[in-house]
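Here is the structure we will look at, set down as C-alpha coordinates.
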Amino acid sequence: MIFFEKIINSFVNFFGNMSSFLLFPMILITFFVAITRYIFDFGSIALQELIIYLHAFVFLGGIIYITHRNKNVRIDIFYNKFNKIKKNLVNTCGTLFFLLITSTTIILTSFDYVLQSVILQESSREAGGLPFVYILKSFILIMAFGLLLHGLHFLLKNYKK
(Lines of atoms letter the chains of each structure in order from A and count residues from 1; the text may use other names and numbers.)
(Lines give C-alpha, C1' and ligand atoms only; values in the text may rest on other atoms or scores of the structure.)
Protein backbone atom coordinates (compact mmCIF):
# COMPACT_ATOMS: atom_id res chain seq x y z
CA MET A 1 0.00 0.00 0.00
CA ILE A 2 2.79 2.44 0.88
CA PHE A 3 4.57 1.66 -2.42
CA PHE A 4 1.32 2.26 -4.34
CA GLU A 5 0.82 5.53 -2.47
CA LYS A 6 4.37 6.70 -3.28
CA ILE A 7 3.90 5.94 -6.97
CA ILE A 8 0.61 7.84 -7.10
CA ASN A 9 2.05 10.80 -5.18
CA SER A 10 5.06 11.03 -7.48
CA PHE A 11 2.79 10.74 -10.54
CA VAL A 12 0.49 13.46 -9.21
CA ASN A 13 3.35 15.73 -8.15
CA PHE A 14 4.96 15.41 -11.58
CA PHE A 15 1.79 16.63 -13.27
CA GLY A 16 1.19 19.31 -10.68
CA ASN A 17 4.73 20.65 -11.02
CA MET A 18 4.68 20.49 -14.81
CA SER A 19 1.29 22.21 -14.97
CA SER A 20 2.47 25.08 -12.82
CA PHE A 21 5.84 25.26 -14.58
CA LEU A 22 4.29 25.44 -18.06
CA LEU A 23 1.91 28.30 -17.26
CA PHE A 24 4.55 31.00 -17.62
CA PRO A 25 5.91 29.78 -20.99
CA MET A 26 2.32 29.47 -22.21
CA ILE A 27 1.65 33.10 -21.27
CA LEU A 28 4.88 34.26 -22.91
CA ILE A 29 4.21 32.37 -26.13
CA THR A 30 0.64 33.67 -26.26
CA PHE A 31 1.91 37.21 -25.78
CA PHE A 32 4.58 36.68 -28.46
CA VAL A 33 2.05 35.28 -30.95
CA ALA A 34 -0.32 38.21 -30.36
CA ILE A 35 2.47 40.78 -30.78
CA THR A 36 3.91 39.20 -33.92
CA ARG A 37 0.50 38.70 -35.45
CA TYR A 38 -1.05 42.11 -34.84
CA ILE A 39 1.99 44.38 -34.88
CA PHE A 40 4.31 42.66 -37.36
CA ASP A 41 1.62 40.88 -39.39
CA PHE A 42 3.40 37.55 -39.00
CA GLY A 43 1.75 34.37 -37.79
CA SER A 44 3.16 31.01 -36.86
CA ILE A 45 0.86 28.01 -36.95
CA ALA A 46 3.40 25.96 -34.99
CA LEU A 47 3.45 28.48 -32.13
CA GLN A 48 -0.34 28.68 -32.08
CA GLU A 49 -0.54 24.90 -31.87
CA LEU A 50 2.12 24.87 -29.17
CA ILE A 51 -0.17 27.08 -27.09
CA ILE A 52 -2.95 24.51 -27.55
CA TYR A 53 -0.61 21.70 -26.47
CA LEU A 54 0.46 23.67 -23.40
CA HIS A 55 -3.17 24.42 -22.50
CA ALA A 56 -4.02 20.73 -22.77
CA PHE A 57 -1.12 19.69 -20.60
CA VAL A 58 -1.76 22.39 -18.00
CA PHE A 59 -5.48 21.65 -17.70
CA LEU A 60 -5.40 17.87 -17.97
CA GLY A 61 -2.38 17.61 -15.66
CA GLY A 62 -3.91 20.15 -13.32
CA ILE A 63 -7.11 18.11 -13.07
CA ILE A 64 -5.13 15.18 -11.71
CA TYR A 65 -3.22 17.35 -9.23
CA ILE A 66 -6.21 19.33 -7.98
CA THR A 67 -8.40 16.27 -7.54
CA HIS A 68 -5.68 14.39 -5.65
CA ARG A 69 -5.03 17.35 -3.36
CA ASN A 70 -8.78 17.70 -2.72
CA LYS A 71 -8.79 21.30 -3.96
CA ASN A 72 -11.54 20.80 -6.51
CA VAL A 73 -14.54 23.12 -6.55
CA ARG A 74 -17.58 21.93 -4.65
CA ILE A 75 -21.01 23.32 -4.05
CA ASP A 76 -20.55 23.78 -0.34
CA ILE A 77 -24.10 24.65 0.68
CA PHE A 78 -24.50 21.38 2.57
CA TYR A 79 -20.98 19.94 2.57
CA ASN A 80 -19.52 22.55 4.95
CA LYS A 81 -22.13 21.70 7.58
CA PHE A 82 -21.42 17.96 7.46
CA ASN A 83 -19.30 16.24 10.07
CA LYS A 84 -16.22 14.27 9.05
CA ILE A 85 -18.10 10.98 8.64
CA LYS A 86 -20.73 12.49 6.32
CA LYS A 87 -18.04 14.30 4.30
CA ASN A 88 -16.18 11.02 3.92
CA LEU A 89 -19.38 9.29 2.80
CA VAL A 90 -20.08 12.01 0.22
CA ASN A 91 -16.49 11.81 -1.08
CA THR A 92 -16.60 8.00 -1.24
CA CYS A 93 -19.94 7.97 -3.10
CA GLY A 94 -18.69 10.67 -5.46
CA THR A 95 -15.54 8.69 -6.13
CA LEU A 96 -17.42 5.44 -6.72
CA PHE A 97 -20.33 6.77 -8.76
CA PHE A 98 -18.74 9.67 -10.62
CA LEU A 99 -14.94 9.68 -10.67
CA LEU A 100 -14.28 5.99 -11.28
CA ILE A 101 -17.13 5.55 -13.76
CA THR A 102 -16.26 8.72 -15.67
CA SER A 103 -12.54 8.01 -15.86
CA THR A 104 -13.16 4.39 -16.89
CA THR A 105 -15.58 5.54 -19.58
CA ILE A 106 -13.04 8.06 -20.88
CA ILE A 107 -10.35 5.37 -21.00
CA LEU A 108 -12.60 2.86 -22.79
CA THR A 109 -14.01 5.31 -25.32
CA SER A 110 -10.79 7.16 -26.12
CA PHE A 111 -8.36 4.23 -26.18
CA ASP A 112 -8.92 3.33 -29.87
CA TYR A 113 -8.98 7.01 -30.80
CA VAL A 114 -5.59 7.61 -29.17
CA LEU A 115 -4.14 4.29 -30.36
CA GLN A 116 -5.02 5.05 -33.99
CA SER A 117 -3.41 8.45 -33.66
CA VAL A 118 -0.22 6.94 -32.21
CA ILE A 119 -0.04 4.18 -34.84
CA LEU A 120 -0.45 6.73 -37.63
CA GLN A 121 1.93 9.19 -35.92
CA GLU A 122 -0.77 11.76 -36.57
CA SER A 123 0.43 15.26 -37.27
CA SER A 124 -1.23 18.60 -37.76
CA ARG A 125 -3.51 19.14 -40.73
CA GLU A 126 -2.23 22.69 -41.00
CA ALA A 127 0.81 23.47 -43.13
CA GLY A 128 3.60 24.41 -40.75
CA GLY A 129 1.83 22.82 -37.79
CA LEU A 130 3.34 20.54 -35.19
CA PRO A 131 3.79 16.86 -36.05
CA PHE A 132 2.77 15.65 -32.59
CA VAL A 133 -1.03 15.49 -32.54
CA TYR A 134 -0.79 11.94 -31.20
CA ILE A 135 0.97 13.26 -28.08
CA LEU A 136 -1.78 15.83 -27.59
CA LYS A 137 -4.44 13.13 -27.87
CA SER A 138 -2.57 10.86 -25.46
CA PHE A 139 -3.04 13.51 -22.74
CA ILE A 140 -6.68 12.40 -22.63
CA LEU A 141 -5.71 8.88 -21.59
CA ILE A 142 -3.07 10.10 -19.16
CA MET A 143 -5.60 12.34 -17.41
CA ALA A 144 -8.23 9.60 -17.20
CA PHE A 145 -5.67 7.07 -15.95
CA GLY A 146 -4.44 9.56 -13.34
CA LEU A 147 -7.98 10.18 -12.11
CA LEU A 148 -8.66 6.45 -11.97
CA LEU A 149 -5.49 5.90 -9.92
CA HIS A 150 -6.47 8.73 -7.61
CA GLY A 151 -9.94 7.28 -7.13
CA LEU A 152 -8.55 3.85 -6.28
CA HIS A 153 -6.02 5.41 -3.91
CA PHE A 154 -8.74 7.43 -2.22
CA LEU A 155 -10.96 4.38 -1.73
CA LEU A 156 -8.10 2.25 -0.37
CA LYS A 157 -7.00 5.01 1.98
CA ASN A 158 -10.54 5.46 3.33
CA TYR A 159 -11.04 1.71 3.60
CA LYS A 160 -8.00 1.50 5.89
CA LYS A 161 -9.59 4.07 8.22
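Everything in the sequence shown is counted per the working numbering, starting at 30 for the first residue and increasing by one. For every residue, glycine included, the Cβ atom is placed at its ideal position computed from N, Cα and C. It should be emphasised that the depicted structure is a prediction, and the values quoted were computed from it without experimental measurement.
Length of the line joining the Cα atoms of residue i and residue j
| i | j | result |
| --- | --- | --- |
| residue 66 | residue 56 | 15 Å |
| residue 39 | residue 175 | 11 Å |
| residue 54 | residue 68 | 21 Å |
| residue 178 | residue 135 | 13 Å |
| residue 137 | residue 166 | 14 Å |
| residue 120 | residue 110 | 14 Å |
| residue 43 | residue 164 | 17 Å |
| residue 108 | residue 100 | 14 Å |
| residue 91 | residue 131 | 17 Å |
| residue 113 | residue 106 | 15 Å |
| residue 116 | residue 144 | 39 Å |
| residue 34 | residue 71 | 49 Å |
| residue 186 | residue 50 | 29 Å |
| residue 154 | residue 96 | 34 Å |
| residue 133 | residue 87 | 21 Å |
| residue 159 | residue 118 | 46 Å |
| residue 52 | residue 32 | 31 Å |
| residue 142 | residue 150 | 12 Å |
| residue 59 | residue 182 | 37 Å |
Environment of residue i [buried if 16+ CB atoms lie within 10 Å]
| i | result |
| --- | --- |
| residue 102 | exposed |
| residue 180 | buried |
| residue 146 | buried |
| residue 36 | exposed |
| residue 89 | buried |
| residue 152 | exposed |
| residue 157 | exposed |
Proximity winner among the options, relative to residue i (alpha-carbon distances)
| i | options | result |
| --- | --- | --- |
| residue 61 | 52, 73 and 172 | 73 |
| residue 122 | 188, 34, 51 and 142 | 188 |
| residue 46 | 59, 71, 98 and 32 | 98 |
| residue 148 | 162, 33 and 34 | 162 |
| residue 173 | 34, 31 and 41 | 41 |
Contact belief for residue i with residue j at Cβ below 8 Å, rounded distance in angstroms
| i | j | result |
| --- | --- | --- |
| residue 170 | residue 139 | 6 Å |
| residue 85 | residue 168 | 5 Å |
| residue 48 | residue 94 | 6 Å |
### Message
Between the stretch 72-79 and the stretch 120-128, can you find at least three pairs of beta-carbon atoms closer than 8 Å?
### Response
Two segments are said to touch when three or more pairs of C-beta atoms, one from each, lie closer than 8 Å; by this definition the stretch 120-128 does not touch the stretch 72-79.
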